[in-house]
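Asks:
Number of protein chains: 2
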Amino acid sequence: MSERNRSVPSVGMVGGGQLARMTHQAAIALGVGFRVLADSPSDSAALICGDVQLGDDRSPSDLSAFAKSCDVITFDHEHVPEPVLRELEKAGTVLRPGPDALRYAQDKLLMRARMTELGAPCPRWRGVATAADVDEFAAVTGWPVVLKAARGGYDGKGVWVAGSGEEAREVLDGAARAGVPMLVEEKVVFTRELAVQVARSPYGQVAAYPVVETVQRDGICHEVIAPAPGLDEERAVRIQELAIEIAHALGVVGMLAVELFETESGVVVNELAMRPHNSGHWTIEGARTSQFEQHLRAVLDLPLGAPGATAPYTVMANLLGGADPDVYRRYVHVMAKDPGVKIHFYGKEVRPGRKIGHVTVLGDDYEDLLARARDAASYLKGDQQ
Amino acid sequence: MSERNRSVPSVGMVGGGQLARMTHQAAIALGVGFRVLADSPSDSAALICGDVQLGDDRSPSDLSAFAKSCDVITFDHEHVPEPVLRELEKAGTVLRPGPDALRYAQDKLLMRARMTELGAPCPRWRGVATAADVDEFAAVTGWPVVLKAARGGYDGKGVWVAGSGEEAREVLDGAARAGVPMLVEEKVVFTRELAVQVARSPYGQVAAYPVVETVQRDGICHEVIAPAPGLDEERAVRIQELAIEIAHALGVVGMLAVELFETESGVVVNELAMRPHNSGHWTIEGARTSQFEQHLRAVLDLPLGAPGATAPYTVMANLLGGADPDVYRRYVHVMAKDPGVKIHFYGKEVRPGRKIGHVTVLGDDYEDLLARARDAASYLKGDQQ
């Protein structure tokens with residue numbers, strides 16, 4: 001059904017993934033219009049949203065047709081090419097965030113240059129064209145180093161760790177063949193990974209969420225603990241201030257996630273994302289205003305909601321697909337075992353290693369919460385019988 | 001979009017009001033299928049749900065066509081006639097709650113007789129056919145008395161207070177013309193109104209929510225305070241036990257709301273509802289499992305979720321339409337004034353006195369929360385400029 005209510009604005013989200021799915025839930029409560037541009041009717045958001053347009057999110061004509069029925073366009077991902085965004089903007093479409101901000105989430109070279117300019121703490125880095133550039137860099141930082149595709153990637157990857165000049169050469173050869181610009185970064189020795197989210201509205205209002213710890217394995221976020229246990233309060237505030245500074249300097253509108261490494265001596269910025277982010281799924285139950293509602297408020301230039309926590313600790317664990325495709329049968333048992341676990345399924349077909357949902361638990365003792373969340377996730381994946 | 005995922009069950013809700021709208025939000029997180037049978041594309045749930053069938057909720061053919069694509073049928077209201085429900089059930093449709101339970105929510109005479117049989121505390125009552133019956137009743141209880149239509153009502157009303165035999169005669173004459181069976185109840189002198197919700201699954205599992213205070217004005221629920229302030233703990237437990245007993249005795253599946261009057265000497269049962277209920281909207285943020293998720297779990301025979309409170313107090317205030325149809329413009333100011341207020345709009349056209357949404361606030365001091373919720377509701381209605 002898509003009876004458009006003209007007295008409330010309508011937000012269009014490009015991309016039909018789980019971020020759009022959860023943003024739809026928030027849009028229902030706010031009573032604003034919400035449309036999704038999806039690739040396929042089986043996309044996570046397309047399965048449940050009442051107002052879906054199918055189309056290609058890189059096609060100027062599909063995007064501009066979609067934009068015609070929306071007051072504001074926002075994004076579930078960063079894949080819309082900058083020239084397409086510029087064209088839409090020139091035609092009068094309101095893009096939030098706009099291409100001037102988004103390009104820093106789309107291009108890691110631009111991002112690093114801008115972060116360095118702002119004085120934000122970064123790993124040592126440089127753009128590289130040849131293996132000799134990498135050798136030169138590693139002569140200073142030591143091996144291994146991290147090679148990153150500035151935009152996109154190839155062979156389904158965007159980040160490589162190279163332990164030697166030879167390994168670096170292989171990666172760069174592949175990148176050259178694929179026409180992908182590359183950068184190298186020192187491999188940061190970190191004690192843990194942190195993330196912080198802020199929302200910024202066109203009016204310039206900001207709201208900062210508590211700094212969280214993210215637990216990654218094999219490059220995939222497995223758990224998020226909010227707030228990051230034992231984080232020095234002064235450091236937490238400095239991290240929030242850093243994110244706010246970045247949001248203002250880059251002109252971000254909507255949610256900004258800043259992923260960081262915590263080291264012995266402080267923090268360094270790892271990545272930026274300008275949309276709701278996996279590190280903020282805990283906010284659905286764990287914060288007074290979820291990141292999805294906050295993103296909508298921000299892109300609609302509404303006053304922002306309170307970002308404070310609703311419990312001393314919230315732990316989120318991603319649900320990764322396992323060998324058993326019948327996850328419904330499995331989750332009945334998780335529900336029976338722990339009636340306090342909040343389950344979020346994305347409606348996606350189960351494939352091994354694929355993010356198909358998440359669980360959230362709230363309480364006082366984060367170690368207990370982490371054990372419960374891990375238990376639910378491992379049972380759902382099929383690691384336990 | 002309505003790609004049905006065959007590996008998860010699909011719940012069909014009859015009725016496209018705000019209860020279906022909020023149940024849709026809960027169904028998204030659970031990852032189960034959710035369909036709505038709505039009267040019109042502008043129904044509250046039809047506006048946002050991805051899987052809507054338009055049809056008449058009293059038509060056997062529309063209902064059975066709808067039921068074909070659902071594993072379980074449940075209800076946003078009590079208006080489907082019992083014979084239609086019986087026919088569906090005979091044809092193999094899984095109805096939760098089923099007609100054996102639902103008739104007690106559809107017929108106040110049946111309900112009173114059954115409550116009396118169970119020994120549940122009730123106001124004095126009797127079925128009445130003539131004004132003489134009412135006079136006889138009032139000779140014992142005194143005037144005024146409450147006259148109720150056993151089913152439905154007439155002239156848009158179902159409850160009348162009669163202060164004299166003459167007033168009673170007028171009401172009964174109207175009822176006789178409309179063919180509506182009537183009952184009379186004593187007018188209970190109460191100190192306040194309470195409500196309790198329990199969920200029950202076909203397996204027989206139950207979960208009881210905290211007892212709440214409901215604040216009614218002109219027969220409309222204005223606010224709900226959870227838990228009911230100052231309620232004696234023993235009485236609270238007895239009320240929960242009463243609701244559980246009713247749920248079991250009536251074979252309720254899904255949410256059951258029991259509305260009560262609290263008097264000097266105890267409580268008496270006022271009304272029953274077998275679906276998510278206005279007195280439970282506070283559970284979206286205020287309980288670990290919302291009534292909407294719990295209803296879905298129950299009708300799907302899933303293990304029930306934890307019903308405990310997430311904050312010491314939660315206050316919900318209904319948003320009633322005022323003279324200004326542009327409620328969006330007004331809510332911007334409410335958001336700016338109180339970033340902690342949770343707003344829920346139902347997407348309905350604004351009409352004076354119509355329930356168009358609700359707000360929820362959570363915290364430690366219920367008087368402060370009540371003031372904030374009332375302030376938001378009165379501003380949105382337009383009572384404040």
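From first to last, the protein sequence lines stand for chains C and E. Residue 116 in UniProt numbering sits at position 116 of the first sequence, and the numbers go up by one each step. Residue 218 in UniProt numbering sits at position 218 of the second sequence, and the numbers go up by one each step. Each residue gets a CB set at the ideal place from its N, CA and C atoms; glycine is no exception. Values in this document were obtained by computation on a predicted structure and should not be read as measured data.
1) Taking 7 Å as the threshold (beta carbon to beta carbon), is C/Pro336 in contact with chain E?
2) With a floor of 4 residues, list each alpha helix (DSSP H) that falls wholly inside the stretch 161-229 of chain C, ordered by position along the chain.
3) Tell me the DSSP secondary structure of E/Arg58 in three-state form.
4) In angstroms, rounded to a whole number, what distance separates the CA positions of E/Lys148 and C/Lys355?
5) With a floor of 3 residues, list each beta strand (DSSP E) that falls wholly inside the stretch 215-302 of chain E, ordered by position along the chain.
6) C/Ser10 lies in the beta strand (DSSP E); which residues open and close that run?
7) In whole angstroms, what is the alpha-carbon distance linking C/Gly254 and C/Arg96?
8) For C/Tyr203, count the other beta carbons within 10 Å of its own beta carbon; 16 or more makes it buried, fewer makes it exposed. Which is it?
9) Look at C/Leu319 and C/Leu380 and say whether their C-beta atoms are less than 7 Å apart.
10) Counting along the chain, where does the beta strand (DSSP E) carrying C/Thr314 start and finish?
11) Leaving out five residues before and five after C/Pro41 in sequence, what residues of the same chain have Cβ atoms less than 8 Å from its Cβ?
12) Any contact between the stretch 103-120 of chain C and the stretch 265-278 of chain C? By contact I mean 3 or more CB pairs, one from each, below 8 Å.
13) Please list, in chain order, the chain B residues whose beta carbon lies closer than 7 Å to that of C/Gly340.
14) Quick check on this structure: which residue in E/Asp155, E/Gly230 and E/Ala317 has the alpha carbon closest to the alpha carbon of E/Cys221?
15) Please report whether the beta-carbon of C/Gly50 lies at a distance below 7 Å from any beta-carbon of chain E.
16) For E/Tyr154, list the residues DSSP reports as bridge partners.
17) Hey, quick one: how far does the beta strand (DSSP E) through E/Lys355 stretch, first residue to last?
18) Helix, strand or coil: which one does DSSP assign to E/Val332?
19) Does E/Glu29 get closer than 7 Å to chain C when you measure Cβ to Cβ?
20) Quick check on C/Ala65: buried or exposed, where buried means 16 or more other Cβ atoms within 10 Å of its Cβ?
21) Would you mind reading off the limits of the alpha helix (DSSP H) that contains E/Ala101?
22) Consult DSSP for E/Ile48 and reduce its assignment to one of helix, strand or coil.
23) Note down, in chain order, every chain E residue with its Cβ under 9 Å from the Cβ of C/Tyr203.
24) What residues in the stretch 6-23 of chain C have a beta carbon less than 7 Å from any beta carbon of chain E?
25) Return the residues of the stretch 306-328 of chain C that lie within a Cβ-Cβ distance of less than 9 Å from chain E, sorted by chain order.
26) Please report the distance separating the alpha-carbon of E/Gly16 from that of E/Tyr104.
27) Give the range of the alpha helix (DSSP H) segment to which residue 415 of chain E is assigned.
28) Using beta-carbon positions only, say whether C/Met13 and C/Val36 come within less than 7 Å of one another.
29) Taking the DSSP output, what are the residues bridged to E/His79?
30) In angstroms with no decimal places, state the Cα-to-Cα distance between E/Asp107 and E/Glu78.
31) For the pair the stretch 239-247 of chain C and the stretch 173-189 of chain C, tell me if three or more CB-CB distances fall below 8 Å.
32) Please confirm whether C/Pro9 and C/Asp71 have their CB atoms less than 7 Å apart.
33) What are the boundary residues of the alpha helix (DSSP H) that includes E/Glu140?
34) For C/Lys342, name the three-state secondary structure that DSSP assigns.
35) May I ask you to list the residues that DSSP assigns as paired with C/Ala149?
36) For the beta strand (DSSP E) that E/Ala38 lies in, which residues bound it at each end?
Replies: On the basis of the data shown:
1) Here residue 336 of chain C is taken as the residue at index 336 of the first sequence, counted from 1. Sequence check: residue 336 of chain C is Ala here, not Pro. With 7 Å as the cut-off, C/Ala336 counts as an interface residue toward chain E.
2) 165-178
3) If you number the second sequence from 1, residue 58 of chain E lands on position 58. Coil.
4) Taking the second sequence and counting its residues from 1, one reaches residue 148 of chain E at position 148. Taking the first sequence and counting its residues from 1, one reaches residue 355 of chain C at position 355. One C-alpha to the other measures close to 54 Å.
5) Counting only runs of 3 or more, we get 220-226, 254-263 and 266-273.
6) As a first step, residue 10 of chain C must be located in the first sequence, where it is residue number 10. Residues Ser10 to Val14.
7) Along the first sequence, one-based indexing puts residue 254 of chain C at 254. Along the first sequence, one-based indexing puts residue 96 of chain C at 96. Using only the alpha carbons, I get a separation of about 7 Å.
8) Along the first sequence, one-based indexing puts residue 203 of chain C at 203. Flag for C/Tyr203 reads exposed.
9) For the purposes of this step, residue 319 of chain C is taken as residue 319 along the first sequence, with counting starting at 1. For the purposes of this step, residue 380 of chain C is taken as residue 380 along the first sequence, with counting starting at 1. Yes, Cβ-Cβ distance for C/Leu319 and C/Leu380 is below 7 Å.
10) For the purposes of this step, residue 314 of chain C is taken as residue 314 along the first sequence, with counting starting at 1. From DSSP, the beta strand (DSSP E) with C/Thr314 extends over Tyr313 to Leu320.
11) The count along the first sequence starts at 1 and reaches residue 41 of chain C at position 41. Taken in chain order, the residues that qualify are Leu47, Val52 and Leu54.
12) yes
13) Here chain B cannot be found, since the structure's protein chains are C and E.
14) Translated into positions along the second sequence, residue 221 of chain E becomes position 221. Comparing Cα-Cα distances from E/Cys221 to each of E/Asp155, E/Gly230 and E/Ala317, the minimum goes to E/Ala317.
15) As a working mapping, residue 50 of chain C is identified with position 50 in the first sequence. True, the Cβ-Cβ gap to chain E drops below 7 Å.
16) The residue you call residue 154 of chain E lines up with position 154 of the second sequence. In DSSP, E/Tyr154 forms a bridge with E/Lys157.
17) Within the second sequence, the letter at position 355 stands for residue 355 of chain E. First-last of the beta strand (DSSP E) with E/Lys355: Lys355 to Gly363.
18) Locating residue 332 of chain E in the second sequence gives position 332, counting from the first residue. Helix.
19) Residue numbering aside, residue 29 of chain E sits at position 29 when the second sequence is read from its first letter. The residue you asked about is not Glu; residue 29 of chain E is Ala in the sequence shown. Interface residue, yes.
20) For the purposes of this step, residue 65 of chain C is identified with residue 65 of the first sequence, where counting begins at 1. Classification for C/Ala65: exposed.
21) Along the second sequence, one-based indexing puts residue 101 of chain E at 101. Start and end: Pro99 to Gln106.
22) Indexing the second sequence from 1 puts residue 48 of chain E at position 48. Correct three-state label for E/Ile48: coil.
23) By one-based count along the first sequence, residue 203 of chain C stands at place 203. Under the 9 Å cutoff, chain E gives no residues; its nearest Cβ is about 10 Å from C/Tyr203.
24) Ser7, Val8 and Arg21
25) Ala306, Pro307, Gly308, Thr310, Ala311, Pro325, Asp326, Val327 and Tyr328
26) Here the question's residue 16 of chain E lines up with position 16 in the second sequence. Here the question's residue 104 of chain E lines up with position 104 in the second sequence. Taking the straight line joining both Cα atoms gives about 22 Å.
27) One cannot answer for residue 415 of chain E here, as it falls past the ends of chain E, which runs 1 to 385.
28) For the purposes of this step, residue 13 of chain C is taken as residue 13 along the first sequence, with counting starting at 1. For the purposes of this step, residue 36 of chain C is taken as residue 36 along the first sequence, with counting starting at 1. Yes.
29) What you label residue 79 of chain E is simply residue 79 of the second sequence in a count that begins at 1. In the DSSP output, where bridge partners are listed per residue, E/His79 has none listed.
30) By 1-based counting over the second sequence, the position of residue 107 of chain E is 107. By 1-based counting over the second sequence, the position of residue 78 of chain E is 78. For E/Asp107 and E/Glu78, the distance between alpha carbons rounds to 10 Å.
31) no
32) Here the question's residue 9 of chain C lines up with position 9 in the first sequence. Here the question's residue 71 of chain C lines up with position 71 in the first sequence. Yes. Within cutoff.
33) Here the question's residue 140 of chain E lines up with position 140 in the second sequence. This sequence places Val at residue 140 of chain E; Glu is not what is there. Taken as a continuous stretch (DSSP letters only), the alpha helix (DSSP H) holding E/Val140 covers Ala131 to Thr141.
34) Taking the first residue of the first sequence as 1, we reach residue 342 of chain C at position 342. The answer is strand: DSSP assigns C/Lys342 an E or B state.
35) Within the first sequence, the letter at position 149 stands for residue 149 of chain C. Partner(s): C/Met182.
36) Position 38 of the second sequence holds residue 38 of chain E. Gly33 to Ala38 is the extent of the beta strand (DSSP E) around E/Ala38.
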